[in-house]
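**Student:** The sequence shown begins at 35 in the numbering used here and counts up by one. Note that CB positions come from ideal geometry on N, CA and C, so glycine has one too. Everything numeric in this text was worked out from a predicted model, so none of it was measured.
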Amino acid sequence: MPDTPDTGKAAQRQNQRRDRVHYLYIAVIAAVILGVLVGLFAPDLAKELKPLGTGFVNLIKMMISPIIFCTIVLGIGSVARAAKVGRVGLIALGYFLVMSTFALAIGLVVGNLLHPGEGLDLNAAGAAAAQEQAKDAEGTTDFLLGIIPTTLVSALTEGEVLQTLLVALLAGFALQQLGPAGEPIRAGVEMVQRWVFKILAMIMWAAPVGAFGAIAAVVGETGWEALRSLAVIMLGFYITCAVFVFGVLGAVLWIGARVNLLSLLRYLGREFLLILSTSSSETALPRLIAKMEHLGVSRPVVGITVPTGYSFNLDGTAIYLTMATLFIASAQNDPLSVGEQVGLLFFMIVASKGAAGVSGAGLATLAGGLQSHKPELVDGVGFIVGIDRFMSEARALTNFAGNAVATVLVGTWTGEYDAARGRRVLAGEDPFNEATLVDVPGPSRSEPGTSPASGAPAPPDGGNGLRKDAEPVGAAEPAATDAGRSS
Numbered sequence: 035m036p037d038t039p040d041t042g043k044a045a046q047r048q049n050q051r052r053d054r055v056h057y058l059y060i061a062v063i064a065a066v067i068l069g070v071l072v073g074l075f076a077p078d079l080a081k082e083l084k085p086l087g088t089g090f091v092n093l094i095k096m097m098i099s100p101i102i103f104c105t106i107v108l109g110i111g112s113v114a115r116a117a118k119v120g121r122v123g124l125i126a127l128g129y130f131l132v133m134s135t136f137a138l139a140i141g142l143v144v145g146n147l148l149h150p151g152e153g154l155d156l157n158a159a160g161a162a163a164a165q166e167q168a169k170d171a172e173g174t175t176d177f178l179l180g181i182i183p184t185t186l187v188s189a190l191t192e193g194e195v196l197q198t199l200l201v202a203l204l205a206g207f208a209l210q211q212l213g214p215a216g217e218p219i220r221a222g223v224e225m226v227q228r229w230v231f232k233i234l235a236m237i238m239w240a241a242p243v244g245a246f247g248a249i250a251a252v253v254g255e256t257g258w259e260a261l262r263s264l265a266v267i268m269l270g271f272y273i274t275c276a277v278f279v280f281g282v283l284g285a286v287l288w289i290g291a292r293v294n295l296l297s298l299l300r301y302l303g304r305e306f307l308l309i310l311s312t313s314s315s316e317t318a319l320p321r322l323i324a325k326m327e328h329l330g331v332s333r334p335v336v337g338i339t340v341p342t343g344y345s346f347n348l349d350g351t352a353i354y355l356t357m358a359t360l361f362i363a364s365a366q367n368d369p370l371s372v373g374e375q376v377g378l379l380f381f382m383i384v385a386s387k388g389a390a391g392v393s394g395a396g397l398a399t400l401a402g403g404l405q406s407h408k409p410e411l412v413d414g415v416g417f418i419v420g421i422d423r424f425m426s427e428a429r430a431l432t433n434f435a436g437n438a439v440a441t442v443l444v445g446t447w448t449g450e451y452d453a454a455r456g457r458r459v460l461a462g463e464d465p466f467n468e469a470t471l472v473d474v475p476g477p478s479r480s481e482p483g484t485s486p487a488s489g490a491p492a493p494p495d496g497g498n499g500l501r502k503d504a505e506p507v508g509a510a511e512p513a514a515t516d517a518g519r520s521s
């Protein structure tokens, strides 16, 4: 069908929106550079800018619970059989356990080779900071009881991720049991999801301001002198994370799904930039959900794997806990035996569930784990407070990469990943709609057995987990969407 004047105008508007989003991320890069300069040359002023970064992160975090709720409810509610959800969950949890073990092993090996903290002979000057961090941690019993919300809606209002996950699972299964009678509810939740993503798109325009404030404050408070004495552990941690991501994750992704890791990381480049500026992988969770659906992983798999991975797939946090524990023990002349290392670190992995995406949560987890398992080492946590902010960026980036890889792998192993569409997306032939942050299926994707880009056979749900009889999200603007994707 030839393009009409209206279609051409819609395509032009779509391209203009994409250009504006592109400029947004250029502005983020410029803001980070400016923040570093202000932190170095005007540290007193830079410290006063910290609320800018805190405010932006809080704006993002307030969107997490509704996005997780809508995604999981729609994912489970659109699945015909509950057994499918259980199978996806078991595969995902099994994968998370194996990869956490790999992360622990790599961290142990590198940490024992580098001997971070050796010869420092640190005293207890940082005890107060460590005890303060330990107060923020919780025991295993409190963690388990904390998953249950006070009321059905308190999980959403209080922003507790695991509580939201529990409520969303219950709501999704209940919607599934309603069958056709629950279709109005499903449509309503889908409309709420569109509304939430529109709010998120508006918030993202504050990213340059937030990034500037966060980076300026941390550089102003820490300075370069504070980093030099701890350069070994920081550099070692970055190297360990890089080895894990490009070595372990890259190999597993290629063997399991025949997907090139570099292509996937390039596709998620803007999310990595957002994490780098905020040091919290949680800020990119909504975009990861949308982009994984667009990549071709079905909505049920994305809805289960991504939120669960943010609580249980703690690759970067596991490496951090390993390196930091060995550093503290060595710096205080109380090195751990191999048995003590394994026991303590597995204990920390259990204690850290649910804290992966929150900036600074790794420090509280480290302090709480040491307080519970080996109290004589907890004072040493204060010695790495100065560089935790810089280490948290590598931690968050590794956690995010691990969850992206996990989503593709679980989708492949469950037959819920459209590999053909994934190749088109990674090749740039089917770009993600940055203006709406929602994977909007065009009319051609609704047609059984055809692919929107090439006319090739496609899975019944179009590769994004949407039911064929469901009204496409954003159907009110089909011309703009199709035109934008064809460009």
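1) Across the region 358 to 365 and the region 446 to 463, are there enough close Cβ pairs to call them in contact, namely three or more that are closer than 8 Å?
2) Which two residues bound the contiguous alpha helix (DSSP H) that contains MET357?
3) For a minimum of 4 consecutive residues, which ranges assigned as the alpha helix (DSSP H) are wholly contained in the region 95 to 143?
4) DSSP on VAL293, reduced to helix/strand/coil?
5) According to DSSP, what are the bridge partners of VAL331?
6) Let me confirm a value: GLU316 is counted as buried when at least 16 other C-beta atoms fall within 10 Å, else exposed. Which label applies?
7) Below 8 Å on the Cβ atoms is my guess for VAL442 versus LEU287; work out the distance and round it to an integer in Å.
8) If I measure Cβ to Cβ from ILE233 and keep anything under 8 Å in the same chain, skipping five residues before and after, which residues do I get?
9) Exposed or buried, ALA524, counting other C-beta atoms within 10 Å across all chains shown (16 or more means buried)?
10) Give the single residue among LYS95, LEU186, LEU127 and ILE249 whose Cα lies nearest to the Cα of VAL230.
11) Let's see if you can read the secondary structure: which residues bound the alpha helix (DSSP H) around VAL270?
12) Please list the terminal residues of the continuous alpha helix (DSSP H) segment that includes ILE81.
13) Could you tell me the distance, in whole angstroms, from the CA atom of ALA64 to the CA atom of GLY350?
14) Within 10 Å of its beta-carbon, does PHE75 have 16 or more other beta-carbons around it, so buried, or fewer, so exposed?
15) In three-state terms, what does DSSP make of SER485?
16) Could you give the distance in angstroms between the alpha-carbon of ALA240 and the alpha-carbon of PHE90?
17) Can you give the Cα-Cα distance for VAL331 and ALA205, rounded to whole angstroms?
18) Alpha carbon to alpha carbon, how far is LEU68 from PRO242?
19) What does the Cβ neighbour count give for VAL444, buried or exposed, with the cut at 16 atoms within 10 Å?
20) Assuming LYS84 and ALA245 are in contact, meaning their beta carbons sit under 8 Å apart, how far apart are those beta carbons, in whole angstroms?
21) Give a yes or no on whether the C-beta atoms belonging to GLU305 and LYS81 are separated by under 8 Å.
22) Give the DSSP-derived three-state secondary structure of GLY462 in the structure shown.
23) If you measure between the beta carbons of LEU310 and GLU427, is that distance less than 8 Å?
24) Exposed or buried, SER393, counting other C-beta atoms within 10 Å across all chains shown (16 or more means buried)?
25) Evaluate VAL122 with the Cβ neighbour count: other Cβ atoms within 10 Å of its Cβ, from every protein chain shown; 16 or more gives buried, anything less gives exposed.
26) When DSSP labels each residue in this structure, what does LEU302 get in the three-state scheme?
27) Skipping 5 residues on each side, what residues in its chain have a beta carbon closer than 6 Å to that of GLY3?
28) Between the Cα of PHE380 and the Cα atoms of ASN294, ALA454, LEU142 and HIS328, which residue gives the shortest distance?
29) How long is the line joining the alpha carbons of VAL439 and VAL132, rounded to whole angstroms?
30) Put LYS408 into one of helix, strand or coil per three-state DSSP.
31) Can you tell me whether DSSP reads ASN437 as helix, strand or coil?
32) Pull up the distance between the alpha-carbon of VAL279 and that of PRO214, whole angstroms please.
33) Select from ALA61, ALA235, VAL376 and ALA454 the residue whose C-alpha is nearest the C-alpha of ALA324.
34) Considering Cα atoms alone, identify which of ILE219, ASN437, GLU468 and TYR129 is closest to CYS104.
35) My output table needs one value for VAL62: the three-state DSSP class, helix, strand or coil.
36) Quick one, which of ALA221, PHE434 and LEU86 has its alpha-carbon nearest PRO341's?
**Tutor:** In terms of the structure at hand:
1) no
2) Mapped onto the sequence shown, residue 357 falls at position 323. 349 to 365 is the span of the alpha helix (DSSP H), which, as asked, contains MET357.
3) Along the region 95 to 143, the alpha helix (DSSP H) occurs as fully enclosed runs of 4 or more residues at 98 to 111, listed in sequence order.
4) The count along the sequence shown starts at 1 and reaches residue 293 at position 259. Here VAL293 sits in coil by DSSP.
5) Taking the first residue of the sequence shown as 1, we reach residue 331 at position 297. Answer by DSSP bridge pairing, in chain order: TYR451.
6) For the purposes of this step, residue 316 is identified with residue 282 of the sequence shown, where counting begins at 1. Its Cβ being crowded by 16 or more others within 10 Å, GLU316 is buried.
7) Sequence index remark: in the sequence shown, residue 442 carries index 408 (1-based). Sequence index remark: in the sequence shown, residue 287 carries index 253 (1-based). Right, the Cβ-Cβ distance comes to about 7 Å (below 8 Å), so this counts as a contact.
8) Residue numbering aside, residue 233 sits at position 199 when the sequence shown is read from its first letter. Closer than 8 Å at the Cβ level, and outside the excluded window around ILE233, lie MET97.
9) This structure cannot speak to residue 524, because the chain is shown only from 35 to 521.
10) The residue you call residue 230 lines up with position 196 of the sequence shown. Of the candidates LYS95, LEU186, LEU127 and ILE249, the one whose C-alpha sits nearest the C-alpha of VAL230 is LYS95.
11) Against the sequence shown, residue 270 aligns to sequence position 236. Checking the displayed sequence, the identity of residue 270 turns out to be Gly instead of Val. First-last of the alpha helix (DSSP H) with GLY270: 265 to 276.
12) If you number the sequence shown from 1, residue 81 lands on position 47. According to the sequence shown, residue 81 is Lys rather than Ile. Note, LYS81: alpha helix (DSSP H), 77 to 81.
13) Stepping through the sequence shown from its first residue, residue 64 is reached at position 30. Stepping through the sequence shown from its first residue, residue 350 is reached at position 316. Their Cα atoms are separated by approximately 27 Å.
14) For the purposes of this step, residue 75 is identified with residue 41 of the sequence shown, where counting begins at 1. So PHE75 counts as exposed.
15) The residue you call residue 485 lines up with position 451 of the sequence shown. Residue confidence is low: SER485 scores 37 on pLDDT, short of 50, so the model does not pin down where it sits. No coordinate-derived value is stated.
16) Position 206 of the sequence shown holds residue 240. Position 56 of the sequence shown holds residue 90. The straight-line gap from Cα to Cα measures roughly 7 Å.
17) Residue 331 sits at position 297 when you count from the first residue of the sequence shown. Residue 205 sits at position 171 when you count from the first residue of the sequence shown. For VAL331 and ALA205, the distance between alpha carbons rounds to 22 Å.
18) As a first step, residue 68 must be located in the sequence shown, where it is residue number 34. As a first step, residue 242 must be located in the sequence shown, where it is residue number 208. Roughly 10 Å separates the two Cα atoms.
19) In the sequence shown, counting from the first residue as 1, residue 444 sits at position 410. Burial call: buried.
20) For the purposes of this step, residue 84 is taken as the residue at position 50 of the sequence shown. For the purposes of this step, residue 245 is taken as the residue at position 211 of the sequence shown. Not really, about 13 Å apart at Cβ, beyond 8 Å.
21) Reading the sequence shown from its first residue, position 271 is the one you call residue 305. Reading the sequence shown from its first residue, position 47 is the one you call residue 81. For GLU305 and LYS81, no; Cβs fall outside 8 Å.
22) Indexing the sequence shown from 1 puts residue 462 at position 428. Three-state DSSP puts GLY462 in coil, outside helix and strand.
23) Translated into positions along the sequence shown, residue 310 becomes position 276. Translated into positions along the sequence shown, residue 427 becomes position 393. Contact flag set, yes.
24) Taking the sequence shown and counting its residues from 1, the one referred to as residue 393 is at position 359. Its pLDDT being 49, under 50, SER393 is placed unreliably in this model, and the value from its coordinates should be taken loosely. Classification for SER393: buried.
25) Looking up residue 122 in the sequence shown gives position 88. Result: buried.
26) Numbered from its first residue, the sequence shown carries residue 302 at position 268. In the structure shown, the three-state DSSP call for LEU302 is coil.
27) Given that the chain is displayed from residue 35 to residue 521, the structure contains no residue 3 and the question cannot be resolved.
28) As a first step, residue 380 must be located in the sequence shown, where it is residue number 346. The candidate whose alpha carbon is nearest that of PHE380 is LEU142.
29) Counted from its first residue, the sequence shown places residue 439 at position 405. Counted from its first residue, the sequence shown places residue 132 at position 98. Cα to Cα, VAL439 sits roughly 14 Å from VAL132.
30) For the purposes of this step, residue 408 is identified with residue 374 of the sequence shown, where counting begins at 1. Three-state result, LYS408: coil.
31) As a working mapping, residue 437 is identified with position 403 in the sequence shown. Note: ASN437 maps to helix in three-state DSSP.
32) The sequence position of residue 279 within the sequence shown is 245, counting from 1. The sequence position of residue 214 within the sequence shown is 180, counting from 1. Rounded to whole angstroms, VAL279 to PRO214 spans 43 Å at the Cα level.
33) Counting from 1 along the sequence shown, the entry for residue 324 is found at position 290. With distances taken between Cα atoms, ALA324 lies closest to ALA235.
34) The sequence position of residue 104 within the sequence shown is 70, counting from 1. Here the closest residue by C-alpha is ILE219.
35) Counting from one through the sequence shown, the residue named residue 62 turns up at place 28. The answer is helix: DSSP assigns VAL62 an H, G or I state.
36) As a first step, residue 341 is located in the sequence shown; it is residue number 307 there, counting from the start. Nearest option by C-alpha distance: PHE434.
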